[in-house]
Amino acid sequence: MLENKVVVLTGGGDGIGWECAKAYVKAGAIICIIDKNPLADEKLNELINTENLVITCNLINETTVAAAFDAIVEKYGRIDAIHNNAAVAHPSKTLDETTNSEWDLLMDVNLKSILYTTRYGIAHLKKSQGCILNTSSVVGSIGQDNHAVYVATKGAINALTKAMALDYAPFKIRVNAVSPAAINTPTLQAWSQEQPNQNEIETYLNKLQPLGHMPAGDVIADACVFLLSNAARFITGIILPVSGGAELGYRTLI
Ligand SMILES: NC(=O)c1ccc[n+]([C@@H]2O[C@H](COP(=O)([O-])OP(=O)(O)OC[C@H]3O[C@@H](n4cnc5c(N)ncnc54)[C@H](O)[C@@H]3O)[C@@H](O)[C@H]2O)c1
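All letters in the sequence shown, in the order written, are residues 369 to 622 by our numbering.
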């Protein structure tokens, strides 16, 4: 489904991003992972053939993002897709408890990183009539307690996705977002550790999703392969929940 597509994937070193990396390679893509942490050797061995690229770069640093895109274009001469997946979910706080630096970090990583990847990638996507995919979250549309700024960044990603879809449609560039609920990843594990009711947290996360369990990231990765593929050629501006129905209405949670 993604034969020879050059896909730039942020936060591809772990969690959902790592599942996407594997799924994109399996679908025939050539991937360029941009992550602040170097990839573990076993992952490198699993991914690395001469074609794929892994760049250690912190997305809050515009200069290193620009250099990463220069290196990608120098190696492949084109970019077919950008998947903005990297984010931080810490801290679990209400707005009034949030410090300026916590606000800035969440905004910089989760949102401003998309400004940078678009600034340095859009000219190449115009040439390839490529596409952009943003990883949002169901909380961006339904809210979540004790997680104010993270929720704000995901709500902004939903609105940004629609604005970008309209701005880039004249160039035949599609822009969509995928919206998970709770996926078992290092970030979710870290979030769980911050929650008061440790004994109930796993039950809560499973029950959050009407399909009854908290899945691993492969369920998101498969939807992302579809959204990047030609099968989704007439889809743009959508926020696709892949959530087991978590955003649906009233349910008896007992
Ligand atoms: N896990 C969930 O339950 C869940 C639910 C909804 C949405 N999401 C979203 O899915 C995406 C992936 O989340 P995850 O749970 O897989 O997280 P994760 O922590 O497992 O993976 C995030 C990856 O992004 C990288 N990263 C973080 N900050 C970075 C930076 N400044 N520069 C470069 N790389 C950086 C990390 O090194 C890591 O490899 C995020 O956008 C998150 O908001 C996750």
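Even for Gly, the Cβ is constructed at its ideal location relative to N, Cα and C.
Nearest by alpha-carbon distance to residue i: which of the options is it?
i, options, result
"Ala395", "Ala457, Leu596, Gly508, Asn502", "Leu596"
"Ser496", "Lys530, Arg487, Ala524, Phe539", "Phe539"
"Ile384", "Leu608, Gly612, Ala550, Phe594", "Ala550"
"Leu415", "Lys404, Asn405, Cys400, Asn426", "Cys400"
"Ile510", "Gln563, Ser611, Leu370", "Ser611"
"Asn502", "Val517, Leu528, Tyr518", "Leu528"
"Leu608", "Val543, Glu562, Ser560, Val374", "Val543"
"Lys522", "Ala408, Val546, Ile500", "Val546"
"Asp586", "Pro548, Thr378, Ile500, Thr462", "Pro548"
"Met582", "Leu463, Thr553, Met532, Thr467", "Thr553"
"Pro406", "Ala614, Ala524, Ile423, Thr378", "Ile423"
"Leu556", "Ala584, Asn468, Asn478", "Ala584"
"Ala632", "Ile490, Gly508, Asn567", "Outside the shown range of the chain, which is 369 to 622, sits residue 632, and nothing can be said about it."
"Thr378", "Asp535, Leu479, Ser560", "Leu479"
"Ala533", "Ile606, Gln563, Ala516", "Ile606"
"His451", "Glu430, Ala520, Ile482", "Ile482"
"Val507", "Leu493, Ala391, Glu387, Ala614", "Ala614"
"Asn514", "Trp559, Gly580, Ala531, Ser505", "Trp559"
"Glu410", "Lys390, Cys425, Asp448, Leu427", "Lys390"
"Thr432", "Ile447, Glu419, Ile402", "Ile402"
"Tyr488", "Asn413, Asp438, Tyr518", "Asp438"
DSSP puts residue i in a beta bridge; with which residues?
i, result
"His711", "Since the first residue shown for the chain is 369 and the last is 622, residue 711 is missing from the structure and cannot be characterised."
"Arg542", "Cys499"
"Asn452", "Asn502"
"Ser547", "Pro609"
"Thr378", "Ile402"
"Val422", "Ile401"
So what does DSSP say about residue i, is it helix, strand or coil?
i, result
"His492", "helix"
"Asp403", "strand"
"Ser560", "helix"
"Ser469", "helix"
"Pro705", "Residue 705 lies beyond the range of the chain shown here (369 to 622); nothing can be said about it."
"Asn526", "helix"
"Thr432", "helix"
"Thr486", "helix"
"Ala395", "coil"
"Tyr618", "coil"
"Ser481", "helix"
"Glu371", "coil"
"Ala408", "coil"
"Thr462", "coil"
"Thr604", "coil"
"Ser509", "helix"
"Leu474", "helix"
"Ile574", "Inspection of the sequence shows that residue 574 is occupied by Asn rather than by Ile. Asn574: helix per DSSP, three-state reduction."
"Asn567", "coil"
### Query
If you pair each beta-carbon of the region 465 to 477 with each one of the region 570 to 581, do three or more pairs fall below 8 Å?
No: fewer than three Cβ pairs fall under 8 Å.
### Query
If you pair each beta-carbon of the region 597 to 606 with each one of the region 369 to 389, do three or more pairs fall below 8 Å?
Three or more beta-carbon pairs separated by less than 8 Å link the region 597 to 606 to the region 369 to 389, which places the two stretches in contact.
### Query
When the Cβ atoms of the region 456 to 467 are set against those of the region 485 to 500, are three or more pairs found closer than 8 Å?
Fewer than three beta-carbon pairs drawn from the region 456 to 467 and the region 485 to 500 are found closer than 8 Å, and the two stretches are therefore not classed as touching.
### Query
Is it a yes or a no for the region 460 to 468 touching the region 440 to 450, going by three-plus beta-carbon pairs under 8 Å?
At 8 Å Cβ cutoff, the stretches do not touch.
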